[in-house]
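The structure under discussion appears below in the form of structure tokens.
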Amino acid sequence: MYDEARFLPAGDRALVVEFGNEISPEVNARIRAMTAALEAEPIAGVVEVVPTYRSLLVHFDPLQVAPEVLEERLAELCRNLGELKLPEPTVTVVPVCYGGEFGPDLPFVCQHTGLAAEEVIRIHTGTDYLIYMLGFTPGFPYLGGMDERIATPRLKTPRTKIPAGSVGIAGKQTGIYPIDSPGGWQLIGRTPLKLYDPFREPPVLLTAGNYVRFKAVTKEEYDAIATEVAAGTYRVEVVPKREGREG
Amino acid sequence: MAAVFEVIAPGLLTTVQDRGRHGYQAFGMPVAGAVDEYALRVANLLVGNEENAAALEITLLGPVLKVLAPAVIAITGADLGAMLNGEPLPLWQAVAVKAGDEISFSGVRSGCRSYLAVAGGIDVPVVMGSRSTYLRGKIGGLDGRALKAGDKLAAGEPPAAARTRVGRRVPPEFIPTYGNNITLRVVLGPQDDHFTPAGRETFLTGEYVVTNEADRMGYRLDGPKIEHAGGADIISDGIPLGAVQVPGHGLPIVMLADRQTTGGYPKIATVISADLYLIGQAKPGDKVRFSAVSREEAVKLLREQEENLRRLAELLSRPAGRIRQFRITVQGKKFEATVEEL
């Protein structure tokens, strides 16, 4: 992590505020604090803010706030981040039906890791994963903190269509596909939750800086939740982070 | 709202676009919106709309549209050979059309994207604050897709001013020219330090060509390879509009309206806002050069462009002198002349 944030020009309408050159919970905490600070005290002319692994991309209107003025204001915010009281991060519980038709690659993950399916599931559900950022496709969470015992390389030949809700492993990462997309992740299960629904407000279930916890459910439970999700009656379980699990 | 156009043939890629879906990039949602915002905004000003009203973005080969109800339209941007009932339809001008008319396009003359605005705006549902079509995400516009034959398009309530706008045209000094040999001014960064001095020199002196892989998401260019310092991967970060990212192969990609919100390639520079229309109107085969300017200069140029638009809006909203239109035939060639009393 840098001692002081770096400001990098990204044209005449955007500015990168970079806190480090690594993927770490410490750097992410700074980004989360900065995002919260900008929400608490909006700077006139700032249009939107995109948090990523190690930086914030601040989109602004230079005719409302000159870039140099914006940099000064942001630098001031950075210096006072320590005093900011952050809201407690939350953990969104994501029910997953592991294996079977939803997790066609679970046997390969077992074979690669030498672990039984139950053990892979126990490890995968045993961590709270930090949502570093959202990107790639609408609502796709970049999660950190997966146990390396279940790390498995990507498929040699990516699938052309992975159904929305699929939960997979790629190397040391785990993730959830919010929309049908091509991809090379090893699929171990599927969630009935909609991570992304353009007609819902907010359209995306997860936010950067919070956590995801996977919970194993049976096929029957999966179907029941899917029915409720479709009817708009399912209440997503969100708990405070403090009842500390690893991650 | 009643339908105003029926799509007889959709053209190569015709989509509904406004100024984009802002405020959702933190969720990974691309902005989309008109690739050439200037042309979109002028088309809307001509018909008396708000600048953000939704219009049709027409790419290279235009559609055939049947007019179903009287309307005031304006076509700006690329010259794709717009025709009304088989006669040339003047660009950068508000034109009245009536039921039964047919709008078609004979082929590209200059530029890449035309904008067809209709008084009242194209009326499609607002999704996340915008009517823009985001094709990969299958949202916005008409069911999240490009137009197809048989589609019917409705317009919103036309503004009161629309009728008085008929015949008004954009003065020539406000009409850009779209060359086949463009220079894009850029502000270096955010990751220009991921390239060697020689790499930066190559980028700023080399001549690039727009490849066939050029769409609303980005334009891949071919030309001299830009040398990275160290690796070609960075930890993924945000991608601003106009970012010039350079993957491991050393060739630049200019990121446009449908770009993904984040990415892991270093961005050597960002095209200035005032020049974005130039790349948006470039076609495969066109030549592109880059030249560096300071951020202050970029903001100054943007301010000038915005002031120009304000001036144009003011001009177009003034009560018109009496306008008369004449159709003249000289030696078998048809001409249209407009005379305005000042």
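Read top to bottom, the protein sequences are chains F and R. Counting with this note's numbering, you get residues 1 to 247 for the letters of the first sequence. Counting with this note's numbering, you get residues 1 to 342 for the letters of the second sequence. Cβ atoms here follow ideal geometry from the backbone N, Cα and C, with glycine treated the same way.
Practice task
Starting from the N-terminal side, write out each stretch of the alpha helix (DSSP H) that is 4 residues or longer and does not extend beyond the segment 75-134 of chain F.
Solution key: The qualifying runs are 106-113, 117-124.
Practice task
Pull up the distance between the alpha-carbon of R:Ile253 and that of F:Phe136, whole angstroms please.
Solution key: The C-alpha of F:Phe136 is placed about 17 Å away from the C-alpha of R:Ile253.
Exercise for the section: Apply the 10 Å Cβ neighbour rule to R:Lys333 and answer buried if 16 or more other Cβ atoms are within range, or exposed otherwise. Expected result: R:Lys333 comes out exposed.
Practice task
Could you confirm whether any beta carbon from chain F is found closer than 8 Å to the beta carbon of R:Glu157?
Solution key: Chain F contact via Cβ: absent.
Practice task
Within the same chain, show all residues whose beta-carbon is closer than 6 Å to that of R:Lys98, passing over the 5 residues directly before and after it, in chain order.
Solution key: Here the set comprises Pro70.
Problem - Neighbour-count burial assignment, R:Gly150, 16 or more Cβ in a 10 Å radius - result: Classification of R:Gly150: exposed, given that the 10 Å Cβ count is below 16.
Problem - Contact list for F:Asp12 against chain R, beta-carbon separation under 7 Å - result: Result: Val187, Ile272, Ser273, Arg295, Ala298, Val299, Leu302.
Handout entry: Contact check, R:Ala243 vs R:Thr262, beta carbons under 8 Å
Key = No, these two residues do not count as a Cβ contact at 8 Å.
Problem - Buried or exposed (CB count within 10 angstroms, at least 16 for buried), R:His249 - result: Classification for R:His249: exposed.
Practice task
Mind checking the segment 36-54 of chain F against chain R and listing, in chain order, the residues whose C-beta falls within less than 7 Å of any C-beta there?
Solution key: Answer in chain order: Val47, Glu48, Val49, Val50, Pro51, Thr52, Tyr53, Arg54.
Problem - Through-space distance from R:Glu50 to R:Leu13, alpha-carbon basis - result: If you take the alpha carbons of R:Leu13 and R:Glu50, they lie about 24 Å apart.
Handout entry: Residues of the segment 114-140 of chain F with Cβ closer than 7 Å to any Cβ of chain R, in chain order
Key = Legend: CB atoms of the segment 114-140 of chain F lying less than 7 Å from CB atoms of chain R belong to residues Met133, Leu134, Gly135, Phe136, Thr137, Pro138, Gly139, Phe140.
Handout entry: Distance CB(R:Arg113)-CB(R:Val124) smaller than 8 Å
Key = Cβ distance not < 8 Å, so R:Arg113 and R:Val124 don't count as in contact.
Problem - For F:Val109 and F:Glu148, the rounded distance between their alpha carbons - result: C-alpha separation (whole angstroms): 12 Å.
Problem - R:Ser106 in three-state terms, based on DSSP - result: If DSSP states are grouped into helix, strand and coil, R:Ser106 belongs with coil.
Handout entry: Range covered by the alpha helix (DSSP H) that runs through R:Asn44
Key = 37-46 is the extent of the alpha helix (DSSP H) around R:Asn44.
Practice task
Can you say whether R:Ala119 is buried or exposed, counting buried as having 16 or more other CB atoms within 10 angstroms of its CB?
Solution key: Per the 10 Å Cβ criterion, buried.
Practice task
Please work out which residues of its chain come closer than 8 Å, Cβ to Cβ, to F:Met1, disregarding the five sequence neighbours upstream and downstream, and give them in chain order.
Solution key: So the qualifying residues of the chain are Phe19, Gly20, Glu22, Ser24, Glu26, Val27, Arg30.
Handout entry: Entirely enclosed beta strand (DSSP E) segments - the segment 249-282 of chain R, minimum 3 residues
Key = Taken in chain order, the complete beta strand (DSSP E) segments of 3 residues or longer contained in the segment 249-282 of chain R are 253-255, 267-271.
Handout entry: Straight-line gap, R:Glu102 to R:Glu306 (C-alpha atoms, nearest Å)
Key = Straight across, the Cα-Cα distance linking R:Glu102 with R:Glu306 is about 34 Å.
Handout entry: Candidates R:Asp193, R:Phe27, R:Leu46, R:Ile58, of which the one nearest R:Ala34 by Cα
Key = Nearest of R:Asp193, R:Phe27, R:Leu46, R:Ile58 to R:Ala34, Cα basis: R:Ile58.
Practice task
Inspect the beta-carbon positions of F:Gly139 and F:Val204 and report whether they are closer than 8 Å.
Solution key: The answer is yes: Cβ separation under 8 Å.
Practice task
Please list, in chain order, all residues of the same chain as R:Ser273 whose beta carbon is under 6 Å from its beta carbon, the five residues on each side excluded.
Solution key: Excluding residues within five positions, the ones whose Cβ falls inside 6 Å are Leu302.
Handout entry: Meets three-Cβ-pair contact criterion under 8 Å: the segment 87-97 of chain R and the segment 136-152 of chain R
Key = Between the segment 87-97 of chain R and the segment 136-152 of chain R there are fewer than three inter-stretch CB-CB distances shorter than 8 Å, so the stretches are not counted as touching.
Practice task
Under 9 Å between beta-carbons, which chain R residues line up against F:Leu63? List them in chain order, please.
Solution key: Val299, Leu302, Arg303, Glu306, listed in chain order.
Handout entry: Span separating the alpha-carbon of R:Glu157 from that of F:His59
Key = Cα-Cα distance, rounded: 33 Å.
Exercise for the section: Inspect the beta-carbon positions of F:Ala164 and F:Pro178 and report whether they are closer than 8 Å. Expected result: Yes, these two residues count as a Cβ contact at 8 Å.
Practice task
Could you give the DSSP three-state label for F:Val147: helix, strand or coil?
Solution key: The residue you asked about is not Val; residue 147 of chain F is Asp in the sequence shown. Annotated three-state conformation of F:Asp147 is coil, per DSSP.
Handout entry: Within 8 Å of chain R by C-beta, residues of the segment 198-213 of chain F in sequence order
Key = Identification of residues in the segment 198-213 of chain F having a C-beta nearer than 8 Å to some C-beta of chain R yields Pro198, Phe199, Pro202, Pro203, Val204, Thr207, Ala208, given in sequence order.
Practice task
Give a yes or no on whether 8 Å exceeds the smallest Cβ distance from F:Leu77 to chain R.
Solution key: Taking CB atoms only, F:Leu77 has no neighbour in chain R less than 8 Å away.
Practice task
Indicate whether at least one CB of chain R lies closer than 8 Å to the CB of F:Ile188.
Solution key: Not one chain R Cβ lies under 8 Å of F:Ile188.
Practice task
For R:Gly137, return the contacting residues in chain F, with the cut-off set at a CB-CB distance below 8 Å.
Solution key: The answer, in chain order, is Thr137, Pro138, Ile179, Pro198.
Handout entry: Under 8 Å from the C-beta of F:Ile23: neighbouring residues of chain R
Key = Chain-ordered, the chain R residues with CB closer than 8 Å to the CB of F:Ile23 read Ile235.
Problem - Cα-Cα separation, R:Met83 to R:Gly100 - result: C-alpha separation (whole angstroms): 14 Å.
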